[in-house]
Each structure stands twice: as C-alpha cells, then as structure tokens.
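Okay, structure first, notes after.
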C-alpha cells in the first residue's frame, strides 16, 4: 500500500504517533532516575505494582464513558495527563521526591487507562478492508522517528546531560511538549462521535471459541512481555554490563530497524497465511528470550532484540486484524477497554515479580518469558491447522 493511497485522516493520525514517538524515552528515564536515586530493581517493580493496583478498577468504566463521547476527547486527555505527570517527575527532588513520583506515575497510569481508545480510534478511522497493509505504515513511521530521536536523546542523556538534575529538567520539557501535541490533535484529527455507535438494546455479541482463544493468547502474551519490562533491561545493561542509557537506546535503535524491515516483509505475506505468520513471529520471540536468558554480552543483546522485534512486528498486523475481526466496530471503545482491563488484571503483580526475578538473576525473567512465547507459538500453529480443516469442510 502506497502512502498516497492512505486516507487523509488516517495519515494525520499516523503523523501524530510519529511526532510523539521520541518522547517515549521517558518510559526508560523514569525507572533509571529512580535506580540512580537509590531504588533497587525490586523496589522499582514494587512501586509500579502498587500504582497498578490503584488504577485497575477504573479501566472498564472509562471504556463505557467513551462509548458515549467522542474518542478524540480521550486522545487529548491522554496527552494532557501525561504532560502533568512528566512535570511532577521534574519536581521529584529531596523530601517530596517519593510523593511527586507516586503522584506522577499514578496520573500516568490513569492516562494509560485511556490507551484502548487508540485501538478503538484506529478500528474506526482505518479502512476495514486494508487493516494489514495500513498497520505496516502505522508501525513504520513512528519507528523511523523513534530510531532517530532515541539515538540522539540517548547520547545526550548518556554522556552529556547524565545527572539526576538533568533528568528532572528533561521531564519538565517533555511535559510542556504536550501543549503542542494537544494542539495538533485538536486541529488535525477528526472527531469520532455517537453516530459511529449503536444503542445497547440493539447490540448482541456471542463469545465463541475463537474469542476465547483470543483471551487465552492475550493472557499468555501479556505475561510474556510484562516479565521483561524496561526495568529488567535497564538493570541488566546498565548495572550488570556497566553501560549507559545510550547503549540502551542503541538497543531501541536496533528494535526500530527490525520493525521497519519487518513491516515490508509482512506486506508480502498473503492474508490467508496470517495465523502462520503469527506463530512464526512468536517463535522468533522465543529465540530472543532464549538468547537473553543466557546473560549475553552487549552485542548479542542487540542481536536478540532485533530477532524479537522482527518476530513481534511480523505478527502484529495479522494479530491486530484478527482481533478487530472479532470485535464489533460499534462497540470498539468498550471492548478494547475491557481487554485492557483484562490485561492489567493479569499483569497486576508482574512488575514486582519481574523485579524479584531480576534481583535473583538479572536475566531470569527472560527465561520465564521463553516458556510462554514457545507456548503461544505452539498454540497458534495448532489453531491455524484447526481453522484450515474447518474451512475445508465448509467448502
């Protein structure tokens, strides 16, 4: 699919994600700032888990609220809340530091409760018959932006502005940048209002075997990825291999390159091979987890993350398209919010568990992830065979 063939509104939405992509370095700077301030990897994991517990009951309620109001309002609110959170991180100094960190991360988690609205907005604004092709662009452009931005910012925060004071100032700058992104959303993104939805009394939905399989995969995938969050990578690369945030951003750079390459490969895979592509992607993720579980040197870490992200991206367009095919567009925001709540419930204590595993051995979380990725791969291969037999009988 060529860029010129993508609808204008879809382009504006993709460019928004391209603009904000470099700002996501905050997800690394915050736990690193906490570790530099004296927190252990176990304590950072416990901190994130505590905030998770506070935020979990709100997710589904938020999904119902935005089933009645424009999704665009929710996207604007995400950036507003993130901006406030980042500014609070900037004031996390001295005796009030724990309070500012807790308030900031709680607000950021409240913002994250609205993330299902991204998927709901995508499901409505992207052409339904072009999901696989358009998601290749959806991944590609932000990754190019992130590749450039992360390398530049990683070098600056690793070798030039590398003190706690510099990090606090950076948080404030990132927070103020949200003013620009909010203006962009307001100006260029079209609203998605009530006309896109139906009333509850007209709505029916059947949870069949395929949807139950989706829930099983979501559970396993959430566990597998959540066991190796940013704190685990930071702990291994910076405190075990004695590198800096720049080397971590080199890993992110390799991830971006793998993503960009995989988007071109995925475009050439026939849609009827989608489940096989997903299973293959999960197998590549298993190889990534295997390499990382062996406590590799830095250059092999780069190889591992390249393989893992290539597999993840290879599977993504087909997995997202399959998910969308099972979710009624008319109730997109509510369903995605419910799935998000489901993922959060499963991963509620995972940051603490990941921190505990990493405190025993820095790469132990990857070994547990290896078992889960292998399980997902086997399940998709089996499901693809069952689906093929069913289609053959029906024909």
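Numbering (this note's numbering), first residue to last: 149 to 543. Glycine included, each C-beta is placed from N, C-alpha and C at the ideal position.
Cβ-Cβ separation, residue 471 to residue 363 (assumed contact under 8 Å), whole Å: About 11 Å; that fails the 8 Å criterion.
At 4 residues or longer, and completely inside the segment 154 to 226: list those alpha helix (DSSP H) runs for me, N to C. 156 to 168, 174 to 184, 189 to 203 and 207 to 213
Where does residue 168 land, buried or exposed, given buried means 16+ other C-beta within 10 angstroms? buried
Could you check what DSSP says for residue 245 in three-state terms: helix, strand or coil? Reduced to three states, the DSSP call for residue 245 is helix.
Just the C-alpha distance for residue 160 and residue 507, rounded to the nearest angstrom, thanks. 43 Å
Cα-Cα separation between residue 402 and residue 449, rounded to whole angstroms: 10 Å
Cα-Cα separation, residue 256 to residue 381: 21 Å
CA-to-CA distance, residue 238 to residue 545, given in whole angstroms: With the chain running from 149 to 543 in the structure shown, residue 545 is simply not present.
Can you tell me where the alpha helix (DSSP H) with residue 321 in it begins and where it stops? Bounds of the alpha helix (DSSP H) holding residue 321 are 312 to 336.
Would you check if there are 3 or more beta carbon pairs closer than 8 Å linking the segment 426 to 434 to the segment 310 to 326? no
Between residue 228 and residue 330, how many whole angstroms is the CB-CB distance? I'm expecting something under 8 Å. 6 Å
Is the segment 386 to 406 close to the segment 516 to 524, with three or more CB pairs under 8 Å? no
Taking the C-alpha atoms as reference points, what is the distance between residue 157 and residue 451? 37 Å
Using 8 Å as the threshold, is the C-beta distance between residue 193 and residue 503 below it? Contact: yes.
Using only the alpha-carbon positions, how far apart do residue 437 and residue 335 sit? 42 Å
Taking only the alpha-carbon atoms, compute the straight-line gap between residue 251 and residue 236 and give it to the nearest angstrom. Distance between the alpha carbons of residue 251 and residue 236: 7 Å.
Between residue 342 and the rest of its own chain, which residues show a CB-CB distance below 6 Å, the 5 nearest in sequence each way excluded? Low local confidence applies: a pLDDT of 46 at residue 342 is under 50, so the model's placement there is unreliable, with the coordinate-based value given in what follows. Short of 6 Å from the beta carbon of residue 342, and not among the five residues preceding or following it, lies no beta carbon of its own chain.
Decide if the segment 373 to 387 is in contact with the segment 271 to 289; the criterion is three or more beta carbon pairs, one per stretch, under 8 Å apart. no
Taking the straight line between their C-alpha atoms, what separation do you get for residue 447 and residue 221? 43 Å
Identify whether residue 509 lies in helix, strand or coil by the three-state DSSP scheme. coil
Secondary structure at residue 273, three-state DSSP: helix, strand or coil? DSSP places residue 273 in helix when its eight states are reduced to three.
So, is residue 286 buried or exposed, given that buried needs 16 or more other C-beta atoms within 10 angstroms? buried
I need the straight-line Cα distance from residue 291 to residue 404, nearest angstrom please. 5 Å
Secondary structure at residue 232, three-state DSSP: helix, strand or coil? The answer is helix: DSSP assigns residue 232 an H, G or I state.
With a 10 Å radius around its C-beta and 16 neighbouring C-beta atoms as the bar for buried, classify residue 419 as buried or exposed. Residue burial annotation: residue 419 is exposed, with fewer than 16 other C-beta atoms found within 10 angstroms of its C-beta.
What would DSSP say about residue 524, mapped onto helix, strand or coil? helix
Report back the beta-carbon spacing between residue 443 and residue 510 to the nearest angstrom; my notes put them in contact at under 8 Å. 7 Å
Could you have a look at residue 398 and say whether DSSP puts it in helix, strand or coil? helix
Residue range of the alpha helix (DSSP H) that includes residue 357: Segment 357 to 374, the alpha helix (DSSP H) holding residue 357.
Give the straight-line distance between the Cα atoms of residue 459 and residue 411, rounded to the nearest whole angstrom. When rounded, the separation of the alpha-carbon atoms in residue 459 and residue 411 is 10 Å.
How big is the Cα-Cα spacing for residue 150 and residue 390? One Cα belongs to residue 150, the other to residue 390, and the distance between them is close to 44 Å.
Report the three-state DSSP secondary structure of residue 150 (helix, strand or coil). coil
Residues near residue 516 in its chain [Cβ-Cβ closer than 6 Å; skip 5 each side]: 375
I'd like to check one pair, residue 179 with residue 378: are the Cβ atoms closer than 8 Å? yes
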